[in-house]
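For the sequence shown, the residue numbers in our numbering are 21 to 184.
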Amino acid sequence: MGAGKSVIGRLLSKSLDISFYDLDSEIETKYRTSVSSIFAKYDEACFRKLETNVLQSFADNDDFVMSCGGGTPCFNGNMELINSLGITVYLKLPPDVLATRIYNSVKTRPLTAEKSQEELAEYVEKTLCNRESFYSMAKITIDCTNVDKDEIVRRIASAIARYQ
21 MGAGKSVIGR
31 LLSKSLDISF
41 YDLDSEIETK
51 YRTSVSSIFA
61 KYDEACFRKL
71 ETNVLQSFAD
81 NDDFVMSCGG
91 GTPCFNGNME
101 LINSLGITVY
111 LKLPPDVLAT
121 RIYNSVKTRP
131 LTAEKSQEEL
141 AEYVEKTLCN
151 RESFYSMAKI
161 TIDCTNVDKD
171 EIVRRIASAI
181 ARYQ
């Protein structure tokens, strides 16, 4: 959360001239409801099942960029699935930067909506620590600290080129 996956994903897809998909948007389209509504009406476990289902539907697609939610790699063997779909990228940022971005974001996130700035900082630190083992399974890690969007895209495109 807050790393800029959707923004960077869109820019990268334009740079590579391939399709872009945002996993949350794909879930909302397929199930005709918002991610927030899924969390409110059901629970996170239900959302994670739907998320995996939509991810699996991309198994036959070639040449695309997908932005996944921060929790996606951590459930249902999704990181292995994502790695099987293509070249995975972890946009790495320190927890304090992520917490500030999330707190200042206009987008409401189901897992952080009611947290104070202090609670959010603690949540991000703990969550990132718990998720790091999944994130580190990405084929490419880009340190995004103090790097602008265009440079991040350039670094990802360069790293992808080495895979091909």
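Just so you know, even glycine gets a beta-carbon here, dropped at the ideal spot from N, CA and C.
- Rounded to the nearest angstrom, the gap between the Cα atoms of Leu140 and Met86 is 26 angstroms.
- Only exposed fits Ile38, as fewer than 16 other CB atoms lie within 10 angstroms of its CB.
- Distance from the CA atom of Thr108 to the CA atom of Leu101, rounded to whole angstroms, is 10 angstroms.
- Counting only runs of at least 3 residues, the segment 75-123 fully encloses the following beta strand (DSSP E) elements, listed from N- to C-terminal order: 84-87, 109-112.
- A distance below 8 angstroms between beta-carbons, with the five flanking residues on each side excluded, links Cys94 to the following residues of its chain, in chain order: Asn150, Arg151, Phe154.
- The criterion of a C-beta distance shorter than 8 angstroms is not satisfied by Asn98 and Thr120.
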